[in-house]
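Peer 1:
Numbering (the working numbering), first residue to last: -19 to 503.
#1: So, at 6 Å on beta carbons, what are the nonlocal neighbours of residue 509 in its own chain, with the 5 sequence-adjacent residues on each side left out?
#2: With a CB to CB cut of under 7 Å and the five nearest residues on each side skipped, what residues in its chain are close to residue 190?
#3: Taking a contact to mean a Cβ-Cβ separation below 7 Å, would you say residue 289 touches residue 316 in this structure?
#4: Hey, how far is the Cα of residue 383 from the Cα of residue 97?
#5: Quick check on the DSSP output: what are the complete beta strand (DSSP E) runs of length 3 or more inside the stretch 67 to 126, in order along the chain?
#6: I need the straight-line Cα distance from residue 418 to residue 182, nearest angstrom please.
#7: What did DSSP end up calling residue 270 once you bin it into helix, strand or coil?
#8: Is it true that the stretch 44 to 57 meets the stretch 258 to 273, where meeting means three or more beta-carbon pairs spaced less than 8 Å apart?
#9: If you compare alpha carbons, which of 51, 72, 206 and 129 is closest to residue 420?
#10: According to DSSP, what are the bridge partners of residue 390?
#11: What residues in its chain sit with their C-beta under 6 Å from that of residue 77, if we drop five residues either side in the sequence?
#12: Just grab the DSSP bridge partners of residue 304 for me.
#13: Residue 2 bridges to which residues according to DSSP?
#14: Taking 7 Å as the CB-CB cut-off, is residue 413 touching chain B?
#15: In three-state terms, what does DSSP make of residue -15?
#16: So if DSSP puts residue 63 in a beta bridge, which residue, or which two residues, is it bridged to?
#17: Between the Cα of residue 220 and those of 438, 373, 311 and 99, spot the shortest distance and give me the residue it belongs to.
#18: What does the Cβ neighbour count give for residue 128, buried or exposed, with the cut at 16 atoms within 10 Å?
#19: Where does residue 207 sit, in a helix, a strand or coil, going by DSSP?
#20: If you check the beta carbons only, do residue 394 and residue 53 fall under 7 Å apart?
#21: What did DSSP end up calling residue 199 once you bin it into helix, strand or coil?
#22: Residue 365 lies in the beta strand (DSSP E); which residues open and close that run?
#23: Can you pull the DSSP bridge partners for residue 324?
#24: Using the rule of at least 16 other Cβ atoms within 10 Å of the residue's Cβ for burial, across every protein chain shown, is residue 241 buried or exposed?
#25: Can you tell me which of 454, 400 and 429 puts its alpha carbon nearest to the alpha carbon of residue 102?
#26: Hey, would you say residue 47 sits closer than 7 Å to residue 388, going by beta carbons?
#27: Are the CB atoms of residue 293 and residue 253 within a distance shorter than 7 Å?
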């Protein structure tokens, strides 16, 4: 071995030699040769320092995700992954060898050991796995506004609706609750109720938000909002000592990238809120993989980016690791990118001026290397190769190493449809989340309030109509005297009769009658 190879091997071995458990990524490459002794390892305890897997299409990013998930599962660490194309379900079945795998195994001096891993299938539509749901309240106004693609004004209105619901103890479980609140607070009694404390909601803004809610429902995705909402404890399952790999299959909703990427962030936010502080652990409690991560940040408003940044910065202390997978590091905001301590960079292409600019910026994110010209190496990497730098157990970035990655041991592709169906139907979680529950929430509470108000108004109206009827009946008909006039007439008639009798009596007896009232005849 030449002096250069010896020096390289010793530096890699020293830099990537953790004392505790680790993930074996592969072996270093120098001048086109794979040096099996220059093993590249990622310390398991550093997996909660987050990471980035990047590279152009077709360079092997998905298989890197797979080999990481496999070894995490072996170590008893549960994994959550986004299965964009539905081709990760093969993780459940042992792979088979082929000439390419055998060649790589020989280069790495590692025997290929086919292995299957426990997986759980999930879906946002409920068609390709256990239904994953979250209540609208769990999403919150910021994430929901991202899904509905609302502008700042509309997002502010959404925040008012959430505030009103919270102040009045009205759970917003599903989209029906949200639509009911939106209608109630934008017109009629609800609009008058919130005017002084929350401000008014214009009809045009209300209509726009409503149209966007209806659009989600028409695409068959309304079912992802509601109860039973997903219990994050189900992400931490283990079977026979292996961590369960939870796969969210989004093959049937690929045309809704904002929706599923934001759903994942809401799930991560829920984990962050629920998990206790854990400090430094020998291995993470859960590792979360965000594939197609650029979709999460495209046209994201400031409030959304701040929320992402906060979650990524703080969730590490809960024992949770987050890895973003995308084409270029430039797809990730700088504030988030700065927190990703572990980097696996597959080949980048420089076909356009933008590509060249992205390449230059990527090079600047790597430590200086005594063995590579980083820019040239990044464009020369083959499929299954990557430029790696991670954090060692002391939190120090390791030597940059062009690495031949170890192949996954499970099937690199989807399971047969019939096998997926059997796995799905046999899962207790599929049964747990299959049926939606409709609890008493904002829709029912507002409906009751409106009905009570309507009943009260009807009572007042009925009382007024009854009063009017009585008054109408008490009025005399044409040609008739009123009751008062009739009573007065009868009284006068009786009085006249009495006076006539007294007069006649006086005439007969010769006595002058006494009139009690002065008499109506004057005698």
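Note that the Cβ used here is the ideal one computed from N, Cα and C, for glycine as well.
Peer 2: Judging by the given coordinates:
#1: Outside the modelled stretch of the chain, which goes from -19 to 503, sits residue 509, for which no answer is possible.
#2: By 1-based counting over the chain shown, the position of residue 190 is 210. Here the set comprises 159 and 162.
#3: Taking the chain shown and counting its residues from 1, the one referred to as residue 289 is at position 309. Taking the chain shown and counting its residues from 1, the one referred to as residue 316 is at position 336. In terms of Cβ geometry, residue 289 and residue 316 form a close pair [threshold 7 Å].
#4: Walking along the chain shown from the start, residue 383 turns up at place 403. Walking along the chain shown from the start, residue 97 turns up at place 117. In a straight line, the C-alpha of residue 383 is about 25 Å away from that of residue 97.
#5: Taking only runs of at least 3 residues, the beta strand (DSSP E) segments lying wholly in the stretch 67 to 126 are 99 to 103.
#6: Position 438 of the chain shown, counting from 1, holds the residue named residue 418. Position 202 of the chain shown, counting from 1, holds the residue named residue 182. Straight-line Cα distance between these residues: approximately 30 Å.
#7: Taking the first residue of the chain shown as 1, we reach residue 270 at position 290. Per DSSP, reduced to three states, the secondary structure at residue 270 is strand.
#8: Three or more pairs of CB atoms, one per stretch, sit closer than 8 Å, so the stretch 44 to 57 contacts the stretch 258 to 273.
#9: Walking along the chain shown from the start, residue 420 turns up at place 440. Among 51, 72, 206 and 129, the Cα nearest to that of residue 420 is on 206.
#10: Indexing the chain shown from 1 puts residue 390 at position 410. Beta-bridge pairing links residue 390 to 74.
#11: Here the question's residue 77 lines up with position 97 in the chain shown. Only 92 meet the Cβ criterion.
#12: Locating residue 304 in the chain shown gives position 324, where the first residue counts as 1. 32 and 270, per the DSSP bridge assignment.
#13: Working through the chain shown from its first residue, we reach residue 2 at position 22. For residue 2, which the question treats as bridged, DSSP gives the partners 23.
#14: The structure shown contains no chain B; it holds only a single protein chain.
#15: In the chain shown, counting from the first residue as 1, residue -15 sits at position 5. Residue -15: helix per DSSP, three-state reduction.
#16: Stepping through the chain shown from its first residue, residue 63 is reached at position 83. Partner(s): 229.
#17: Against the chain shown, residue 220 aligns to sequence position 240. The residue with the shortest Cα to Cα distance from residue 220 is 99.
#18: Your numbering for residue 128 matches position 148 in the chain shown. Buried: at least 16 other Cβ atoms inside 10 Å.
#19: Residue numbering aside, residue 207 sits at position 227 when the chain shown is read from its first letter. Strand.
#20: Here residue 394 refers to the residue found at position 414 when the chain shown is read from its first residue. Here residue 53 refers to the residue found at position 73 when the chain shown is read from its first residue. The Cβ atoms of residue 394 and residue 53 lie no closer than 7 Å to each other.
#21: For the purposes of this step, residue 199 is taken as residue 219 along the chain shown, with counting starting at 1. If DSSP states are grouped into helix, strand and coil, residue 199 belongs with coil.
#22: Numbered from 1 along the chain shown, position 385 holds the residue referred to as residue 365. 365 to 369 is the span of the beta strand (DSSP E), which, as asked, contains residue 365.
#23: Walking along the chain shown from the start, residue 324 turns up at place 344. BP columns for residue 324 point to 33 and 368.
#24: Position 261 of the chain shown, counted from the first residue, corresponds to residue 241. Residue 241 is buried by the Cβ-count criterion.
#25: Along the chain shown, one-based indexing puts residue 102 at 122. Ranking 454, 400 and 429 by Cα distance to residue 102 puts 400 first.
#26: Looking up residue 47 in the chain shown gives position 67. Looking up residue 388 in the chain shown gives position 408. Contact: yes.
#27: Within the chain shown, residue 253 is the residue found at index 273, counting from 1. Within the chain shown, residue 293 is the residue found at index 313, counting from 1. No, they are not a contact pair.
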